[in-house]
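Residue numbers (my numbering): 15 to 489. Heads up, the beta-carbon is just placed ideally off N, CA and C, and yes, glycines get one too. Structure, as structure tokens:
So, in structure tokens, the structure goes:
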């Protein structure tokens with residue numbers, strides 16, 4: 015990529031990104047400053063991670079294909095240990111390599127991995143943008159987003175996660191951003207929530223859906239629920255499944271049995287001989303407390319099971335939940351039979367070393383853990399959540415149970431422990447039937463094609479410079 019150390023005046027406009035389309039607003043970027051941060055207050059402009067000052071925020075260019083639009087991606091959080099951030103990073107990298115101009119706007123919780131290459135991506139941080147509701151911070155974040163988008167004027171805004179999805183789309187709408195897109199990673203109004211909590215989110219999503227041009231869903235059930243609820247339509251939404259990095263999948267498939275056995279032994283202790291794994295971020299909605307109770311019931315039934323809880327609390331507001339889980343394990347006299355592993359880069363291998371996987375989440379978009387479980391050829395016992403039936407063949411590759419049915423989960427896991435041959439067969443069947451669309455390479459290719467479907471019909475068609483052209487192109 016052609017880099018320059020020349021600083022650009024704050025009012026300099028970048029050349030229109032679609033040839034011949036002067037009606038599109040030209041994106042503009044403020045003056046880059048050494049040190050990686052621009053200005054004070056709520057909004058900070060940051061350099062590409064670990065880049066020298068001379069490479070900071072030079073003018074956007076399009077290294078591979080001229081004429082592609084500038085897209086601003088807005089995410090509430092961007093932490094390397096979170097799956098949503100890892101997938102967004104891979105998408106940004108692919109879009110950059112294909113020539114799109116890119117802006118990344120993130121909230122307070124911004125912790126990319128040291129090795130992530132964000133060169134050529136304009137990064138801005140809004141410190142008042144946080145995951146949990148705080149009216150004062152939320153208003154401040156919205157005003158900061160509106161002002162930032164007014165200055166940057168991207169051709170499209172693509173939002174991720176709930177808070178950024180609402181605030182970012184309305185900020186883009188008020189700035190007349192030509193295209194507004196949103197990815198639904200999980201439901202904001204799941205039916206498992208009480209009505210008094212669910213209804214406000216549903217109404218807010220319906221209102222915001224009216225100003226959203228395109229939706230991306232991670233699963234069919236999730237998309238169908240949003241269509242039934244009047245948030246989006248079938249002709250302005252697509253399903254692109256989240257994928258696990260190909261190299262991680264291949265590494266697990268090539269892992270020697272001896273290595274998995276050693277990993278298993280490092281977790282099992284105190285005479286326990288059945289390893290149950292629960293993987294997920296430590297937050298109340300993942301219901302890891304249910305997993306502890308399930309394994310306790312297994313032990314009461316005579317199955318000497320051990321639980322490995324893989325994951326950690328990433329935000330300050332979530333760390334108290336981790337403490338409550340450790341206290342619960344002590345109260346139930348399970349502290350010697352539960353291992354809190356924290357975040358593990360080898361989570362797939364831990365799953366592969368287990369006897370079965372237990373998924374206790376209250377709600378999901380499409381549970382990535384169920385996909386990963388199939389990749390490791392292990393049977394799964396899961397509560398009924400959105401997307402579970404898309405991955406798990408009930409009774410064939412695992413078991414789908416009613417939400418919160420702890421006794422049934424213990425019964426199914428005991429059954430699998432007592433019938434290891436059948437358990438192994440179910441796991442192998444799960445891997446065999448898992449589609450290639452759950453690989454990250456497939457996910458990235460599908461998203462690139464999605465962007466092409468949106469933007470390419472507009473090139474050379476000045477009259478169609480609006481989202482309706484997408485619907486016309488689909489006919």
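| Asked | Found |
| --- | --- |
| Drop a sphere of 10 angstroms on the beta-carbon of residue 469, count the other beta-carbons inside from all chains shown, and report buried for 16 or more, exposed for fewer. | buried |
| Can you tell me which of 281, 417, 249 puts its alpha carbon nearest to the alpha carbon of residue 304? | 417 |
| Since residue 322 contacts residue 281 with CB under 8 Å, what's their CB separation in whole angstroms? | 5 Å |
| Taking 8 Å as the threshold, find out whether the stretch 432-439 comes into contact with the stretch 238-255 through three or more Cβ pairs. | no |
| Which residue or residues does DSSP assign as beta-bridge partners of residue 385? | The partner list for residue 385 (beta bridge, DSSP) is empty, contrary to what the question assumes. |
| Strictly by DSSP, which residues pair up with residue 444? | For residue 444, which the question treats as bridged, DSSP gives no partner whatsoever. |
| Would you list the residues sitting across from residue 87 in a DSSP beta bridge? | 118, 172 |
| Which word fits residue 433, buried or exposed, when buried means at least 16 other C-beta atoms lie within 10 angstroms of its C-beta? | exposed |
| Any idea if residue 365 is buried or exposed, counting beta-carbon neighbours within 10 angstroms, 16 or more meaning buried? | buried |
| Since residue 170 and residue 192 should fall inside the 8 Å C-beta cutoff, what is the C-beta to C-beta distance between them, to a whole number of angstroms? | 7 Å |
| Which residues in the same chain have their Cβ closer than 6 Å to the Cβ of residue 389, if we skip the five residues on either side of it in sequence? | 263 |
| Can you check whether the CB of residue 387 is closer than 9 Å to the CB of residue 371? | yes |
| Would you mind reading off the limits of the alpha helix (DSSP H) that contains residue 433? | From DSSP, residue 433 is part of no alpha helix (DSSP H); its letter is neither H nor E. |
| Apart from the five residues just before and just after residue 428, which ones in its own chain have a Cβ nearer than 6 Å to its Cβ? | 312, 315, 317 |
| Roughly how many whole angstroms lie between the Cα atoms of residue 344 and residue 155? | 41 Å |
| Here's a check: name, in chain order, each residue in its chain whose Cβ is nearer than 8 Å to the Cβ of residue 183, leaving out the five neighbours to either side. | 171, 173, 194, 196, 222, 225, 226 |
| Please state the DSSP three-state secondary structure of residue 296. | coil |
| Between which two residues does the beta strand (DSSP E) harbouring residue 407 extend? | Element bounds for residue 407: n/a, residue is neither H nor E. |
| Can you tell me whether DSSP reads residue 138 as helix, strand or coil? | strand |
| Three-state secondary structure (DSSP) at residue 196? | strand |
| Using 8 Å for Cβ pairs, my map puts residue 297 next to residue 265. What's the rounded Cβ distance? | Their Cβ separation, rounded to whole angstroms, is 27 Å, which puts residue 297 and residue 265 out of contact at 8 Å. |
| Just verifying my parser: in three-state terms, what is the DSSP assignment at residue 367? | coil |
| Roughly how far, in whole angstroms, is the beta-carbon of residue 57 from the beta-carbon of residue 140, given that I think they are within contact range, below 8 Å? | 5 Å |
| Could you give the uninterrupted runs of the alpha helix (DSSP H) lying entirely in the stretch 201-289, keeping only those of 4 residues or more? | 209-223, 234-242, 260-268, 271-281 |
| Quick one: grab the DSSP three-state call for residue 132. | coil |
| So for residue 17, helix, strand or coil by DSSP? | In this predicted model, residue 17 has a pLDDT of only 34, less than 50, meaning its place in the structure is not dependable enough to derive any value. |
| Can you find at least 3 beta carbon pairs, one from the stretch 155-166 and one from the stretch 202-210, that sit closer than 8 Å? | no |
| Roughly how many whole angstroms lie between the Cα atoms of residue 362 and residue 376? | 22 Å |
| Is the separation between the beta-carbon of residue 108 and that of residue 420 shorter than 9 Å? | no |
| Could you have a look at residue 352 and say whether DSSP puts it in helix, strand or coil? | strand |
| Report the rounded CA-to-CA distance for residue 373 versus residue 413, giving the unit in angstroms. | 10 Å |
| Looking only at C-alpha atoms, which of 301, 346, 121 sits nearest to residue 310? | 346 |
| Classify residue 150 as buried or exposed, calling it buried when 16 or more other Cβ atoms lie within 10 Å of its own Cβ. | exposed |
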